[in-house]
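Position 77, counted from 1, in the sequence shown is what the working numbering calls 1417; the numbers after and before it change by one each time, with no gaps.
A short worksheet on the structure shown next.
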Amino acid sequence: RCINDLIVKCPRQYQQETQIYQKGEEGRSYENAQIKCDFKGKIENLNDHLNDSCPLKLEECWFRSFGCNCLYFKHELENNYVLKMKYHFHLVMTKLGSMQQTINQLQEETRRLRLENIKLKAEMEMNGKIQYETVLKIQCENAILKQQLLQQQYILNSNDQQVCPIQSSATKKRNII
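Have a look at this one:
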């Protein structure tokens, strides 16, 4: 609890001052030295400050989804968008062209798949008709074969009836002899 009550300086401001000091020794200037953060507050408030209100917080460019990887200080965002409008416009147009190309490819693929679907449905319908005709043909052949079988059985039964009286008379003749 006592630690949370400690008063601290913004770590980003501290880092900037350290870099200015190091670069100053090397004879170079630090271009963002005019940006300062005056935060001096409790440690418990530091996280909110760093995430929400620190002027030294770097923000991603609003055009990141279009390919811009620039980072800006919060207060510089709008100014940099104006300065880099041509660059950002080019990124948007490039992304738009890429998206249009993807849309065209997907539309072509959709058209191709629809045609293939129509073709497959026609083949299925044709195969269904062929199968139906084949089933009808087989049923017809079965009916003919059943009829032929019945005729053969009838003929056999007729022959058996004719053979039976002959056999019985032949048996009687043998018994007599």
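Just so it is clear, CB atoms sit at the ideal spot from N, CA and C, and this is done for glycine as well.
Do R1451 and C1394 have their C-beta atoms within less than 8 Å of each other? Not in contact: R1451 and C1394 (Cβ atoms no closer than 8 Å).
Beta-carbon gap between I1383 and V1348 smaller than 8 Å: In this structure, V1348 lies closer than 8 Å to I1383 by Cβ.
Please say whether H1428 and C1408 have beta carbons closer to each other than 8 Å? yes
Within 8 Å, strictly: CB atoms of E1400 and L1411: yes
Do the CB positions of F1406 and K1435 come within less than 8 Å of each other? Their beta carbons are under 8 Å apart, which means F1406 touches K1435 by this criterion.
Taking the alpha-carbon positions, what's the I1484 to V1475 distance? 14 Å
Residue interval of the beta strand (DSSP E) (run including I1347): Looking at the DSSP string, the run of the beta strand (DSSP E) that includes I1347 is 1347-1349.
Using the rule of at least 16 other Cβ atoms within 10 Å of the residue's Cβ for burial, across every protein chain shown, is C1342 buried or exposed? exposed
Nearest-angstrom Cα separation, counted from Q1359 out to D1392: 23 Å
From Y1354, R1454, N1385, E1357, residue whose alpha carbon lies closest to that of N1344: N1385
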